[in-house]
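First the structure, in the form of structure tokens, and then the observations on it.
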Amino acid sequence: MYERIREKLGILADAAKYDVSCSSSGSNRKNENKGIGDAEGSGICHTYTEDGRCVSLLKILLTNHCIYDCAFCVSRRSNDIKRAAFTVEEVVELTMNFYRRNYIEGLFLSSGIFKDADYTMERLVRIVKKLRQEERFNGYIHLKTIPGASDELLHEAGMYADRMSINLEMPTETGLKLLAPEKSHAEVKKPLKYIQSNITQFESEKALIKSVPKFVPAGQSTQIVVGATPESDKEILYTANAFYQNFSLKRVYYSGYIPISNDARLPVIGSQPPLIRENRLYQADWLMRFYGFNVREILNDVHPNLEADVDPKLSWALRNLDQFPVDINTADYYMILRVPGIGVSSALKIVQARKFGRLYQSHLRKLGIAFGKARHFIRYADSPVQLKEYEAGHIKGLILSESKSKYQKNALNQLSLF
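Per my numbering, the sequence shown runs over residues 1115 to 1532.
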């Protein structure tokens, strides 16, 4: 019995690794009534929370059996792999045993779709309900929404899960139909809209009723696969932006496609996943969410793809040199945020520090900005006199050469140890 459970765990944990949408930030579920676990301020998934802590999870599929044959998915119907399925009781027991041993801080539960959407979703709901009500588990739970499941099951799931997510998969309908003709974006949008409207309703009731039950307190997220189909970065980011605006998502995750199938429609097995592209998309996503950038400023018809050698903010600044240099001692917070090398925290420190006097180079270095990058776009109290304006290509070359020499120096220092 134990060996069979262990075998299932190996199969279904491995199958779950391709889903990256498992951040745990945003939940505030507290440990009440002497229950087990506490999701407030904690998280799962061997990832990092907003306060920088690394946290862990039990990340599994309920089953890797699936009625769909999506070309990009390792659990697709036609794939010749070992199949397994947990029972409801097995998932509950695993979660509680792992939690009591301090292996995990919560559960990330997804599933292939077997029989139909409601049949699968009903079992997922039974698991989280049993954990909450019978085991009195108050730890973090991230539950995947099954496309096509009934509103009644979605509503019940939302009463027990901290976060719910449903994967968009391909960034465009055309790309999805190419690799998963049985699926559609409409099947993803419908449950996202239903959950969003319920979250809004519960939040509005809090203003009128003292005690309102929690409903998906950490919100919703989705995942987009990058590099499996030929969409541009512009198409990917515009889709993400639309989902942020239309469904109030907490997060869009970008997953560089890992070739797992000998299919002419997909990159060949052995080719490298687009990790740099994935990273650039995350950087651009942060510009939209935290830096006040409109998606059309980052990418447009003239610039449909992100640059691999520089980050999106630097790329934007080099294309808009007419907005620089920015005077650190007089510019508003939002313009300072647009300076390459200055983040949210550093921009706030600058605005606070200049209340006590003009800022010099030494002050800026102490405030933690990437001065080597930022200096090309700012003016400060002791700025050197600049006799001519440099062109974008020259500035880019200087920044890239400085960053390369910095890493080269570190590499030489490492080599000198041996």
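Each residue gets a CB set at the ideal place from its N, CA and C atoms; glycine is no exception.
For residue i, three-class secondary structure by DSSP
| i | result |
| --- | --- |
| residue 1415 | coil |
| residue 1438 | coil |
| residue 1208 | helix |
| residue 1472 | coil |
| residue 1248 | helix |
| residue 1289 | helix |
| residue 1283 | strand |
| residue 1458 | helix |
| residue 1220 | strand |
| residue 1487 | helix |
| residue 1369 | strand |
When the options are compared against residue i, the one with the closest alpha-carbon
| i | options | result |
| --- | --- | --- |
| residue 1243 | 1206, 1286 and 1234 | 1206 |
| residue 1284 | 1483, 1171, 1184 and 1240 | 1184 |
| residue 1231 | 1352, 1500 and 1262 | 1262 |
| residue 1495 | 1476, 1511 and 1485 | 1476 |
| residue 1212 | 1274, 1515, 1312 and 1170 | 1170 |
| residue 1286 | 1298, 1364, 1516 and 1130 | 1298 |
| residue 1482 | 1460, 1503 and 1499 | 1460 |
| residue 1486 | 1516, 1186 and 1333 | 1516 |
| residue 1490 | 1480, 1468, 1437 and 1255 | 1437 |
| residue 1174 | 1203, 1484, 1128 and 1192 | 1128 |
| residue 1172 | 1497, 1123 and 1514 | 1123 |
| residue 1484 | 1513, 1469 and 1498 | 1513 |
| residue 1296 | 1449, 1190, 1499 and 1505 | 1190 |
| residue 1237 | 1504, 1254 and 1259 | 1259 |
| residue 1077 | 1305, 1304, 1332 and 1306 | Absent from the structure is residue 1077, since the part of the chain shown begins at 1115 and ends at 1532. |
Inter-residue spacing [alpha-carbon to alpha-carbon] between residue i and residue j
| i | j | result |
| --- | --- | --- |
| residue 1195 | residue 1266 | 33 Å |
| residue 1154 | residue 1321 | Only weak support exists for where residue 1154 lies, its pLDDT of 41 falling under 50; the coordinates are left without a value. |
| residue 1406 | residue 1356 | 16 Å |
| residue 1428 | residue 1412 | 10 Å |
| residue 1157 | residue 1219 | In this prediction, residue 1157 scores a pLDDT of 32, lower than 50, which makes its location untrustworthy; the coordinate-derived value is nonetheless stated afterwards. Going from the Cα of residue 1157 to the Cα of residue 1219 covers about 6 Å. |
| residue 1397 | residue 1345 | 18 Å |
| residue 1432 | residue 1383 | 37 Å |
| residue 1133 | residue 1391 | 18 Å |
| residue 1507 | residue 1474 | 27 Å |
| residue 1130 | residue 1315 | 32 Å |
| residue 1251 | residue 1214 | 11 Å |
| residue 1374 | residue 1364 | 29 Å |
| residue 1197 | residue 1334 | 29 Å |
| residue 1118 | residue 1178 | 16 Å |
| residue 1381 | residue 1422 | 19 Å |
| residue 1199 | residue 1360 | 35 Å |
| residue 1310 | residue 1362 | 7 Å |
| residue 1151 | residue 1326 | Residue placement at residue 1151 is poorly supported in this model, since its pLDDT is 48, which falls under 50; the coordinates are not used for a value here. |
| residue 1324 | residue 1419 | 49 Å |
| residue 1340 | residue 1288 | 14 Å |
| residue 1313 | residue 1208 | 30 Å |
| residue 1126 | residue 1224 | 10 Å |
Min CB distance residue i to chain B below 8 Å
| i | result |
| --- | --- |
| residue 1515 | Of the protein chains in this structure there is only one, and it is not chain B. |
CB contact flag (residue i, residue j, <8 Å)
| i | j | result |
| --- | --- | --- |
| residue 1509 | residue 1488 | no |
| residue 1453 | residue 1399 | no |
| residue 1222 | residue 1180 | no |
| residue 1368 | residue 1389 | no |
| residue 1268 | residue 1342 | no |
| residue 1275 | residue 1257 | yes |
| residue 1434 | residue 1348 | no |
| residue 1472 | residue 1443 | yes |
| residue 1336 | residue 1280 | yes |
| residue 1441 | residue 1379 | no |
Supposed close pair residue i, residue j - CB separation, criterion 8 Å
| i | j | result |
| --- | --- | --- |
| residue 1351 | residue 1409 | 5 Å |
| residue 1239 | residue 1271 | 5 Å |
| residue 1282 | residue 1338 | 5 Å |
| residue 1439 | residue 1401 | About 20 Å; that fails the 8 Å criterion. |
| residue 1330 | residue 1278 | 5 Å |
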